[in-house]
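Novice: Here it is, the structure, as structure tokens.
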Amino acid sequence: MDLKKTFTTPSWHRTLVLRRIIAFILIGIAGLLIAHSWLKKDPTAVVIVQEIPAGTKVEASDLGLQAIPTSLLPSTSYDSIDDVVGLVAASTLSSGEIATKPRFVGTELINSIATNVTDSSLVEEINMVPLSLAEPSVIPLLQHGDTISVVSQDPDTGLPENIAAGGTVILAGGTDPSTILIALPQSIAEKVAAQSLNTPLAVVLTGDRADNYTTAE
Numbered sequence: 007m008d009l010k011k012t013f014t015t016p017s018w019h020r021t022l023v024l025r026r027i028i029a030f031i032l033i034g035i036a037g038l039l040i041a042h043s044w045l046k047k048d049p050t051a052v053v054i055v056q057e058i059p060a061g062t063k064v065e066a067s068d069l070g071l072q073a074i075p076t077s078l079l080p081s082t083s084y085d086s087i088d089d090v091v092g093l094v095a096a097s098t099l100s101s102g103e104i105a106t107k108p109r110f111v112g113t114e115l116i117n118s119i120a121t122n123v124t125d126s127s128l129v130e131e132i133n134m135v136p137l138s139l140a141e142p143s144v145i146p147l148l149q150h151g152d153t154i155s156v157v158s159q160d161p162d163t164g165l166p167e168n169i170a171a172g173g174t175v176i177l178a179g180g181t182d183p184s185t186i187l188i189a190l191p192q193s194i195a196e197k198v199a200a201q202s203l204n205t206p207l208a209v210v211l212t213g214d215r216a217d218n219y220t221t222a223e
């Protein structure tokens, strides 16, 4: 076959050859795309496999790994389960959710900012306490990291009673706009949790932010 004559002379035969060449090229491109999709693997990310309530320390059984398309993968996601185990859920985490850094509070951070100034005992493990306030309207004024005291009213005298000092705000509002999550040493956290069952509680802002307001005045 004279290829030069075939391609330079208009004819049905030339049209057929060109169509076949184009078809082979398209088939080749399709094959390359399919091969690329087979060879390319989506990155894996840590996902939540069962609901984790706010303030709960994350266990390995709460987590799993799942392939996530790069276009859908948050930049703050985790790729190792070990990096998430031991963190504390800042708000309720749902099953199937991709684990991302803003959704957790590191235990080291909590221990570094939470102090117990109502008790001179040895340093205790830090616990998270969800706290419903008697006056929820103050919650929007609180910020993550604020130092607070938890107070109530003495039923006999009507005077304010300091239940816990040196608590640290971990989450204000969150999924429940009437609740805050605070960090306290274990024994004090248990006391506050028990007290909240029967007594309306309020918080007083202390620490650096309160000092800044005083200085400004």
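The sequence shown begins at 7 in my numbering and counts up one residue at a time.
Note that CB positions come from ideal geometry on N, CA and C, so glycine has one too.
Computed from a predicted structure; not experimentally measured.
Can you have a look at residue 68 and say buried or exposed, based on whether 16 or more other CB atoms are within 10 angstroms of its CB?
Specialist: Classification of residue 68: buried, given that the 10 Å Cβ count is 16 or more.
Novice: Where do the N-terminal and C-terminal ends of the alpha helix (DSSP H) with residue 202 fall, by residue?
Specialist: It spans 192-202 - the alpha helix (DSSP H) in which residue 202 sits, taken as one unbroken run.
Novice: Measuring only the C-alpha atoms, how far is residue 152 from residue 84?
Specialist: The straight-line gap from Cα to Cα measures roughly 27 Å.
Novice: What three-state label does DSSP hand residue 33 in the structure shown?
Specialist: Three-state result, residue 33: helix.
Novice: Would you kindly check if the distance between the Cβ of residue 190 and the Cβ of residue 111 is under 9 Å?
Specialist: Cβ distance not < 9 Å, so residue 111 and residue 190 don't count as in contact.
Novice: Taking the C-alpha atoms as reference points, what is the distance between residue 164 and residue 158?
Specialist: Spanning the two alpha carbons is a distance of roughly 9 Å.
Novice: Count the other C-beta atoms from every protein chain shown that fall within 10 angstroms of the C-beta of residue 35, then say buried if there are 16 or more, exposed otherwise.
Specialist: Its Cβ having fewer than 16 others within 10 Å, residue 35 is exposed.
Novice: Just to confirm, are residue 96 and residue 187 a CB contact at a threshold of 9 Å?
Specialist: Yes, they are a contact pair.
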